[in-house]
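Q: Using the working numbering, the letters of the sequence shown map in sequence onto residues 41 to 392. This structure is in structure tokens; I'll ask about it shortly.
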Amino acid sequence: FDALAPDEAAVLGTLVHTEGSTYRRPGARMLVLPDDTWVGLVGGGCLEGDLLERARAVRATGTPQLAVYDATREEDLVWGMGLGCAGRVEVLLERVTPSEPGVLGWLSAWRMRREVGVLASALTQERLGTHLVRHADGRCEALPTSTAEDAALEAALHSAAAGTRAGVNVEGWAIERVAPPPRLAIFGAGPDAAPVARLALGVGWDVAVADPRAAYARSEHFTGCEVACVPVEEGVERLAIDAHSFALVMNHHYLRDRSVLEQLLDSPAPYIGMLGPRKRTEDLLLELQRDGIDIRDADRERIHGPAGLDLGGDGPEAIALSIVSEMLAVHHERSGGWLRERKAPIYERDPA
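Right under this line is the structure:
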């Protein structure tokens with residue numbers, strides 16, 4: 041999007057409402073570029089062709105559209121698109137340009153600052169294209185700026201900011217809580233770190249890598265990642281570990297891993313992954329305890345050593361898949377078991 045010329049326009053598609061079984065959840069987005077290519081998916085590929093046609097009209101006219109796809113009706117199989125999920129989805133399409141980025145400006149700013157914001161998007165035809173946001177500091181702002189909203193909607197924004205659900209619809213508005221993506225901090229830039237970084241980037245996480253060895257801490261080995269060549273004792277501070285950070289220790293060096301683990305115990309990271317056998321992690325913790333470091337039960341809960349799910353397989357790619365899968369399960373508070381044995385819906389239902 042940043043590479044567009046000033047006179048070029050793209051179309052932002054946002055999944056604003058779902059019912060029943062759907063491929064994505066509210067808050068999923070796709071960006072249709074001027075050459076009709078798109079980035080991101082709001083469906084499994086079954087909606088995107090029709091959305092592309094609609095996006096062309098939105099790009100040409102500047103008039104937002106709300107596209108509704110209902111696969112809960114039997115006639116959809118014959119007259120509709122034959123969607124693979126038996127659900128109903130609503131996708132808001134809006135024209136955006138470099139000079140008028142719309143909600144993309146807010147979303148980008150929140151991600152850069154790693155702040156939680158709340159976005160309300162009007163769903164009624166007469167107000168389509170109207171948005172209200174709540175920033176992390178509590179300020180509320182409208183787009184267009186001339187729009188004045190009532191106190192009830194602002195109260196809903198403040199309530200959503202304190203919640204955990206991604207999105208919920210209230211009285212003609214789609215209200216979305218937008219949290220920063222998890223940040224994966226990898227300590228150790230050996231060859232087996234690269235597939236972990238690639239997979240984490242692929243699922244939308246921010247990735248940072250730290251290693252004291254200049255020959256390993258090279259940006260060309262970790263495209264799209266922040267790479268820091270710093271002494272071991274400065275790595276945790278340099279990568280700015282916060283409550284949204286997952287840490288993976290894979291230096292393949294006992295003393296370096298010990299130093300990093302000691303630093304991570306003082307951090308708010310909810311997940312600390314340790315490469316190597318269980319006994320190695322236990323030895324590291326025992327050694328830290330002998331040196332007077334307090335290892336609490338809560339610390340042991342967030343330490344995963346060895347890191348990863350029991351998927352089987354061998355080699356760097358399979359191990360990376362196992363580790364990133366476990367991180368996703370922890371992030372979403374899931375067990376990582378078989379979906380066919382799950383009694384609840386795949387996606388938690390948002391309150392009406």
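Idealized CB from N, CA, C, for every residue including glycine. Computed from a predicted model, the values in this text were never measured in an experiment.
So, at 6 Å on beta carbons, what are the nonlocal neighbours of residue 221 in its own chain, with the 5 sequence-adjacent residues on each side left out?
A: 244, 245 and 246
Q: Strictly by DSSP, which residues pair up with residue 227?
A: 250 and 289
Q: Of all the alpha helix (DSSP H) runs that stay within the bounds of the segment 120 to 197, which reach a length of 4 or more residues?
A: 143 to 153
Q: Which class does residue 62 belong to by DSSP, given the choice of helix, strand or coil?
A: Residue 62 carries a coil assignment under DSSP once its states are collapsed to helix, strand and coil.
Q: Per the contact definition of three or more C-beta pairs closer than 8 Å, is the segment 329 to 341 in contact with the segment 267 to 280?
A: no
Q: Report the residue from 203, 302, 134 and 133 whose alpha carbon sits nearest the alpha carbon of residue 334.
A: When only C-alpha atoms are compared, the closest one is 302.
Q: Considering residue 312, what are the terminal residues of the beta strand (DSSP E) in which it resides?
A: Residues 311 to 314.
Q: May I have the straight-line CA-CA distance separating residue 118 from residue 357, to the nearest angstrom?
A: A caution first: residue 118 carries a pLDDT of 36, below 50, which makes its placement in the model unreliable, though a value can still be read off. C-alpha separation (whole angstroms): 42 Å.
Q: Following the continuous beta strand (DSSP E) through residue 69, name the residue where it begins and the one where it ends.
A: 69 to 72
Q: With a threshold of 16 other CB atoms inside 10 Å of the CB of residue 338, please say whether the residue is buried or exposed.
A: exposed
Q: Taking buried to mean at least 16 other C-beta atoms within 10 Å of its own C-beta, is residue 120 buried or exposed?
A: Residue placement at residue 120 cannot be trusted, given a pLDDT of 48 that sits under 50; what the coordinates show is reported in the next sentence. That one is exposed.
Q: With DSSP run on the structure shown, which of helix, strand or coil describes residue 43?
A: coil
Q: Distance, Cα to Cα, residue 128 vs residue 217?
A: 21 Å
Q: Under three-state DSSP, which class holds residue 53?
A: strand
Q: Suppose you measure from the CA of residue 267 to the CA of residue 47; what does that come to, to the nearest Å?
A: 35 Å
Q: By the DSSP assignment, the beta strand (DSSP E) with residue 215 in it spans what residues?
A: 213 to 218
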